[in-house]
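The structure appears below as structure tokens.
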Amino acid sequence: MTSATLAAADAWSSAADYAASVSWLGQHDSAVVLKDGKKVLVAGGADAASAAVRQSAVYDLEQNTWAAPVLLGTARQLHAMTLLPSGKVLVTGGRGGPGAPALATAELYDPAQGTWTATKHPMAAGRWGHSAVLLSNGQVLVAGGSTTRPGGAVMAVRSAELFDPADETWTAAKDMTDARTGHTAVVLQAGKKVLVCGGSVPVGTGDDPALAFCELYDTDAKTWTPTGSLRRPRSAHTATALSDTTVLVTGGRAPGAPGDGGFDPFARATAEVYTLTPGSWQDTAPMPAGRALHRAVPLGSGKVLVVGGTDDVRNEAGFRSALEYSAGAWTAVPGLAEGRWGFAAAASGAKVIVVGGVARTGLAAATGQGTELTKTSERRGGGS
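386 is the number that the numbering used here gives the last residue of the sequence shown; the numbers go up by one with no jumps.
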């Protein structure tokens, strides 16, 4: 394959616009590739006023079309989405907007019918900014997240719950070792282990230091065990499985710390790789510049695409640039036509779709204030 052919395969092209301008600011809320591998579901998110939306739709990777929008039963943002073995998608928790209570409700999307239905039972506790991953036994592990304490302040939680799709029931799981929110959760060993890492813990109004602590959930033993800590605390980072036993973490923020990003001192450029045995993190090549609130999607064979993000100090402009990680090295690849952060992204094989997100805020916005969202979509590896 020639360099020109490779460049064409890496290039982004315009995809059909989403029906609304929406941002997704969580770790597990943005997009899910459906079971057929040909379609992607996006749901919920926030509008420019930070209010949750009910919008959802399915994008066809082959036809470059959006199906007619379908409304969630409840508007939600900072929720979590999980593909089930049946092909249905579980959406859990979230909140309606700043100051709104945490949602305990959950819904199921049926791709065969194109409908949302409330689960028979809600979670025991409302939460947003949590993780929700599929285990080897077919259950979904929901862990951590945020809720409000008396007086309205935000607090992170340690609690976890298990959802059984067979009867749509919830049971309590053991608490995590550490309370955390906005963390990442990566499935290892085909769902027998789950690595939870980073995130933050609110300790006061506007003060939410990033965490380096990590822990493992064992599906068979139903236990949490601390594992090696990140070499640097991170939130608004990404974590992507390189294999069944290794994980790549990139970027993120560390509020109140000088950081080490090449572009901005509050967005990390560093990257780390976790190895299940012995359970430790090692530095890998850093990115050329720091970024947070970006997305990272697996391309297969240990390759990862990192795209978009922002500097995380003023968050005024989304990045257009994209990078590929492979075998411990980074390669610059063609960037987006429109910079964005807090967007939806998914990959199925070599095909990648990014949707919506925050384009500009503050002085970078046309009015010099507020938030400008985009409804544009861009695709890679799917033809022009």
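We treat Cβ as the ideally placed atom computed from N, Cα and C, and that holds for glycine.
All figures in this text were calculated on a predicted structure; none of them were measured in a lab.
Are L136 and L110 closer than 8 Å when you measure CB to CB?
In the sequence shown, residue 136 corresponds to position 134, counting from 1. In the sequence shown, residue 110 corresponds to position 108, counting from 1. Contact flag unset, no.
Just verifying my parser: in three-state terms, what is the DSSP assignment at L164?
Numbered from its first residue, the sequence shown carries residue 164 at position 162. The answer is strand: DSSP assigns L164 an E or B state.
Less than 8 Å separating the beta-carbons of M157 and V144?
What you label residue 157 is simply residue 155 of the sequence shown in a count that begins at 1. What you label residue 144 is simply residue 142 of the sequence shown in a count that begins at 1. Cβ atoms of M157 and V144: not closer than 8 Å.
CB-CB under 6 Å to R362, same chain, minus the five flanking residues each way: which ones, in chain order?
For the purposes of this step, residue 362 is identified with residue 360 of the sequence shown, where counting begins at 1. Excluding positions up to five away in sequence, the list reads A319, E374.
Can you tell me the Cα-Cα spacing of L244 and D313, whole angstroms?
Mapped onto the sequence shown, residue 244 falls at position 242. Mapped onto the sequence shown, residue 313 falls at position 311. Distance between the alpha carbons of L244 and D313 is about 25 Å.
Hey, quick one: how far does the beta strand (DSSP E) through A145 stretch, first residue to last?
Here residue 145 corresponds to residue number 143 of the sequence shown, with the count starting at 1. Where A145 is concerned, the enclosing beta strand (DSSP E) stretches over 142 to 145.
What's the call for R97, buried or exposed, on a 16-neighbour Cβ count within 10 Å?
Here residue 97 refers to the residue found at position 95 when the sequence shown is read from its first residue. Counting Cβ neighbours within 10 Å, R97 comes out buried, since at least 16 surround it.
Between which residues of its own chain and P167 is the CB-CB distance below 6 Å, once the five residues before and five after are set aside?
Position 165 of the sequence shown, counted from the start, is the residue given in the question as residue 167. Once the five neighbours on either side are set aside, the close Cβ partners of P167 are L86.
Mapping the DSSP letters down to three states, classify L73 as helix, strand or coil.
For this step, residue 73 is matched to residue 71 along the sequence shown. Reduced to three states, the DSSP call for L73 is coil.
Going by Cα to Cα distance, which pick from R293, S282, T150 is closest to A214?
Within the sequence shown, numbered from 1, the residue matching residue 214 stands at position 212. Per the Cα distances, S282.
Return helix, strand or coil for G230, following the three-state DSSP convention.
Looking up residue 230 in the sequence shown gives position 228. It is coil, neither helix nor strand.
Are at least three pairs of beta-carbons, each pair with one atom in the segment 11 to 19 and one in the segment 30 to 48, less than 8 Å apart?
The answer is no - the segment 30 to 48 does not touch the segment 11 to 19, with fewer than three Cβ pairs under 8 Å.
What is the residue span of the beta strand (DSSP E) that W332 lies within?
In the sequence shown, counting from the first residue as 1, residue 332 sits at position 330. Looking at the DSSP string, the run of the beta strand (DSSP E) that includes W332 is 331 to 335.
Taking the alpha-carbon of R234 as reference, which of Y219, D285, A192 has the nearest alpha-carbon?
Locating residue 234 in the sequence shown gives position 232, where the first residue counts as 1. R234 has its Cα closest to that of D285, out of Y219, D285, A192.
Am I right that C216 and G230 are in contact with their C-beta atoms under 8 Å? What's the rounded C-beta distance?
What you label residue 216 is simply residue 214 of the sequence shown in a count that begins at 1. What you label residue 230 is simply residue 228 of the sequence shown in a count that begins at 1. Their Cβ separation, rounded to whole angstroms, is 6 Å, which keeps C216 and G230 in contact under 8 Å.
With 16 other CB atoms within 10 Å as the buried threshold, where does G341 fall?
Walking along the sequence shown from the start, residue 341 turns up at place 339. Buried, since its Cβ has 16 or more Cβ neighbours within 10 Å.
Taking 6 Å as the limit between beta carbons, can you name the residues of its chain near A120, skipping five residues before and five after?
Taking the sequence shown and counting its residues from 1, the one referred to as residue 120 is at position 118. G75, E109, listed in sequence order.
Quick one: what's T219 bridged to in DSSP?
On the sequence shown, residue 219 is found 217 positions in, with the first residue counted as 1. One point to set straight first is that residue 219 is Tyr, not Thr, in the sequence displayed. Paired residues: V196, W226.
Cα-Cα, which of A269, R322, T221 is closest to A334?
Reading the sequence shown from its first residue, position 332 is the one you call residue 334. Out of A269, R322, T221, R322 has the C-alpha closest to the C-alpha of A334.
Taking the alpha carbon of V72 as the reference point, which residue from A22, L105, H132 has its own alpha carbon closest?
Indexing the sequence shown from 1 puts residue 72 at position 70. Closest by alpha carbon: A22.
Under the three-state reduction of DSSP, which class applies to A366: helix, strand or coil?
Residue 366 sits at position 364 when you count from the first residue of the sequence shown. Correct three-state label for A366: helix.
Applying the 10 Å Cβ sphere with the 16-neighbour rule, what's the burial state of R382?
Taking the first residue of the sequence shown as position 1, residue 382 is located at position 380. So R382 counts as buried.
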